[in-house]
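Visitor:
There are 2 protein chains.
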Amino acid sequence: MPEKIIPDIVVGRLPIYLRALPRMLEEKRRVTSSQELGERLGISAAQIRKDLSQFGEFGKQGTGYSIDYLAEQIRQILHVDRVWDMAVVGVGDIGSAVARYQGFSHRGLRVAMIFDSDPAKIATQESSFTVKDTKTIKESIHEAGIQVAMIATPSQVAQEVAEELVSAGVKAILNYAPINLTVPENVRVQYIDPAIHLQRMTYYL
Amino acid sequence: MPEKIIPDIVVGRLPIYLRALPRMLEEKRRVTSSQELGERLGISAAQIRKDLSQFGEFGKQGTGYSIDYLAEQIRQILHVDRVWDMAVVGVGDIGSAVARYQGFSHRGLRVAMIFDSDPAKIATQESSFTVKDTKTIKESIHEAGIQVAMIATPSQVAQEVAEELVSAGVKAILNYAPINLTVPENVRVQYIDPAIHLQRMTYYL
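Chains as they are written, first to last, in my numbering: chain A, 9 to 213; chain B, 9 to 213.
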């Protein structure tokens, strides 16, 4: 594939397309169209065609997309045709829920280790993991070659944790702490903050 | 304020600006600039000025923004200068975490009732709530006049739950189930799915 710069907003829609496809397969479908996919997702068919065309030709005019093939192609584009080990920092309500979450399998992601700074939690069992001391983040994550992490700590320590993760080699951080993180340019951060999503909707009420 | 149509992408940035401001007040700051806010958030100063100018004049050229005043104005714009009662459907890991979450206070949001369909959970205590039967969604939510809800159920029932919520008068849904919902045009949905956020980043790895 030629190395062209794809707008991040387009990249951001690919996981949404990908999520819809296995569901169609479950319904014993084999082929879909940009129209059908668009109706399911509330995205225009033209947008979907334009997005996908940035990466190549995945369907034939008039015959639609092979669902299986399209899913496999999107997995390759997003690099989730392999499994990424992830570290979770912070074993509160969210950290525990994430450690137990079954929804990552088949989506190219897997929690591999979890950390907390609380002496009462370190070395205890949480789901199938033994909680590690956050003091060992740098060494443990570097040694395991982990590049993806989730921060589920209180806001006050999230920036400090992010810096530890970055120094350990992490390049992608999903941050559940309700605070903006400052990271080097070669590191990506995504945010999950329910209040942010909710306030975006209360505007319209 | 004149009723002009503001792009949703602009609306979506306001909660991010708003989140940063109380933190500055904690640091005993009184005034900020689009430059400073931009540096904290990784958004350009020009973008922030342009976004805010859509809603009026909040600062004076050269003197910056009064943090307190700007926060209050954004709260009014987003309608979170009041408190919105919310319903949570699904008392699994995520639903329980949300019910216990302390981060909604001071952000204009409050969990008011929680529902589950599991007879083993109905009528039990979860945080400070007695779990209600999902069969009573329509009546309970309508009676309380609740317009905001969170879905934290398994994917299989999320669409059905969404339809119940909409028929009860809900106009804004935050959906944690990893599935796209189909709702009427006057209802807003936002999605939280960690795998979607993570796959958007693995693209760059």
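By construction, the Cβ of each residue, glycine as well, lies at the ideal position given by its N, Cα and C atoms.
These numbers come from a predicted model, not from an experiment.
Ignoring anything shorter than 4 residues, give me the alpha helix (DSSP H) runs that lie fully in the segment 101-151 of chain B, in order along the chain.
Guide: 101-108
Visitor: Within the chosen definition, does the segment 171-185 of chain A reach the segment 146-160 of chain A through at least 3 CB pairs nearer than 8 Å?
Guide: yes
Visitor: What in chain B is Cβ-close to H87/A, meaning under 7 Å?
Guide: T210, Y211, L213
Visitor: Could you check the C-alpha separation between I13/B and I122/A for me, to the nearest Å?
Guide: 45 Å
Visitor: Just to confirm the assignment: which complete beta strand (DSSP E) runs, minimum length 3, are found wholly within the segment 171-196 of chain A?
Guide: Every beta strand (DSSP E) of 3 residues or more that sits fully in the segment 171-196 of chain A is shown, in chain order, as 180-183.
Visitor: I'd like the list of long-range same chain contacts for R115/A, defined as Cβ closer than 7 Å, with 5 residues on each side in sequence excluded.
Guide: Excluding residues within five positions, the ones whose Cβ falls inside 7 Å are V88.
Visitor: In the DSSP assignment, what are the bridge partners of G67/A?
Guide: Per DSSP, Y73/A.
Visitor: Which word fits T210/A, buried or exposed, when buried means at least 16 other C-beta atoms lie within 10 angstroms of its C-beta?
Guide: buried
Visitor: Based on Cα-Cα distance, which residue from T144/A, A128/A, S135/A, Q110/A lies nearest to P162/B?
Guide: The residue with the shortest Cα to Cα distance from P162/B is Q110/A.
Visitor: May I have the straight-line CA-CA distance separating S148/B from A170/A, to the nearest angstrom?
Guide: 42 Å
Visitor: Which residues, taken in chain order from the segment 158-186 of chain A, show a beta carbon closer than 9 Å to some beta carbon of chain B?
Guide: Listed by position, the residues of the segment 158-186 of chain A near chain B (Cβ gap below 9 Å) are M158, S163, K179, A180, I181, L182, Y184, P186.
Visitor: Could you check the C-alpha separation between Y199/B and R37/B for me, to the nearest Å?
Guide: 34 Å
Visitor: If we count Cβ pairs, one from each stretch, closer than 8 Å, do we get three or more for the segment 73-84 of chain A versus the segment 97-113 of chain A?
Guide: When C-beta atoms of the segment 73-84 of chain A are compared with those of the segment 97-113 of chain A, fewer than three pairs fall below 8 Å, so the two segments do not count as touching.
Visitor: Measuring straight from C-alpha to C-alpha, what distance separates L26/A and L117/A?
Guide: 14 Å
Visitor: Would you list, in chain order, the members of the segment 134-157 of chain A that have their beta-carbon closer than 7 Å to a beta-carbon of chain B?
Guide: Q155, V156
Visitor: Starting from Y199/A, follow its DSSP beta bridges and name the residues at the other end.
Guide: N183/A
Visitor: Would you call H205/B buried or exposed, if buried means 16 or more other Cβ atoms sit within 10 Å of its Cβ?
Guide: buried
Visitor: By the DSSP assignment, the alpha helix (DSSP H) with I17/A in it spans what residues?
Guide: 16-34
Visitor: Looking at the secondary structure, which residues open and close the alpha helix (DSSP H) in which A54/A lies?
Guide: 53-61 is the span of the alpha helix (DSSP H), which, as asked, contains A54/A.
Visitor: Does DSSP put A160/B in a helix, in a strand, or in coil?
Guide: coil
Visitor: Around the C-beta of E193/A, are 16 or more other C-beta atoms found within 10 angstroms, so that it is buried, or is it exposed?
Guide: With a 10 Å radius around the Cβ and a threshold of 16 neighbouring Cβ atoms, E193/A comes out exposed.
Visitor: At a CB-CB cut-off below 8 Å, which residues of chain A make contact with L49/B?
Guide: N188
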